[in-house]
Amino acid sequence: MEKFIQDAEKFAAEDKKKRADIEAKNEADAVVYSTEKALKDYGDKVSQDDRMAIERALTDAKEALKAGDTEKINKAKEDLLKASHKLAEEVYKAASAKAGRGGAAGGEPGNGAGKGGENVVDAEVVDEGKK
193 MEKFIQDAEK FAAEDKKKRA DIEAKNEADA VVYSTEKALK DYGDKVSQDD RMAIERALTD
253 AKEALKAGDT EKINKAKEDL LKASHKLAEE VYKAASAKAG RGGAAGGEPG NGAGKGGENV
313 VDAEVVDEGK K
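Structure follows, in structure tokens:
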């Protein structure tokens with residue numbers, strides 16, 4: 193039994209490092225994916241210089257992921273997040289504008305005013321036959 197405990201303690205640091213490596217890869221991969229998607233959808237909303245900086249940071253992040261060095265992956269992820277900050281602002285603005293149009297046209301949800309000026313009543317149907 194003691195041998196198992198010693199083995200577990202011996203490999204605990206190694207397991208912790210492997211877990212950190214995997215988490216760093218997953219986080220960087222998620223940032224790369226979301227940045228690529230946002231760049232595709234909203235890339236025309238940022239300046240050409242910002243777009244080029246984002247694309248360079250994307251390339252660096254992908255290369256770091258291929259290399260597998262956790263330090264490089266974390267640095268590349270942070271650089272990509274910094275470079276894509278302007279893009280994230282544009283995505284947020286677009287989402288806010290879309291939400292604002294929906295709320296302003298028909299009033300606030302739940303106030304009885306729907307599209308076209310119709311009144312909506314929240315009610316419960318009760319079966320009179322079951323008493």
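Per this note's numbering, residue 193 is the first one in the sequence shown, and the count goes up by one each step.
In this text, a Cβ means the ideal position worked out from N, Cα and C, and glycines have one as well.
Leaving aside the five residues before and after residue i along the sequence, list all residues of the same chain whose C-beta is less than 7 Å from its C-beta, in chain order.
i, result
"Ala275", "Ala245, Ile246 and Ala249"
"Lys326", "For residue 326 there is no data in the structure shown, the boundaries of the chain being 193 and 323."
"Lys290", "none"
"Asp271", "Ala249 and Asp252"
Can you grab the Cα-Cα spacing for the pair residue i / residue j, in whole Å?
i, j, result
"Ile338", "Val224", "For residue 338 there is no data in the structure shown, the boundaries of the chain being 193 and 323."
"His277", "Tyr234", "12 Å"
"Phe203", "Ala230", "41 Å"
"Thr262", "Ala212", "8 Å"
"Lys324", "Leu279", "Lying before the first or after the last residue shown, residue 324 is absent from the chain, which here runs from 193 to 323."
"Gly292", "Lys285", "10 Å"
"Ala296", "Ala287", "Residue placement at Ala296 is flagged as unreliable, the pLDDT there being 48, under the threshold of 50; the coordinate-derived value follows with that caveat. Going by the C-alpha atoms only, they are around 14 Å apart."
"Glu281", "Leu273", "12 Å"
"Ala268", "Ala220", "8 Å"
"Gly298", "Val283", "Only weak support is given to the placement of Gly298: the predicted model assigns it a pLDDT of 46, under 50, and the question is left unresolved by the model."
"Thr251", "Lys208", "28 Å"
"Asp241", "Lys254", "20 Å"
"Met193", "Ala259", "39 Å"
"Glu201", "Ser226", "38 Å"
"Lys195", "Lys232", "55 Å"
"Arg243", "Ala222", "19 Å"
"Glu228", "Lys210", "27 Å"
"Asp199", "Ser239", "55 Å"
Considering residue i, what are the terminal residues of the alpha helix (DSSP H) in which it resides?
i, result
"Asp271", "Thr262 to Ala275"
Excluding the 5 residues preceding and the 5 following residue i in the sequence, name in chain order all residues of the same chain whose CB lies nearer than 8 Å to its CB.
i, result
"Ala205", "none"
Inset, instruction - Only counting runs of 4 or more residues, tell me where the alpha helix (DSSP H) segments fall wholly within the segment 207-253, in order along the chain. - result: DSSP runs (the alpha helix (DSSP H)) wholly in the segment 207-253: none.
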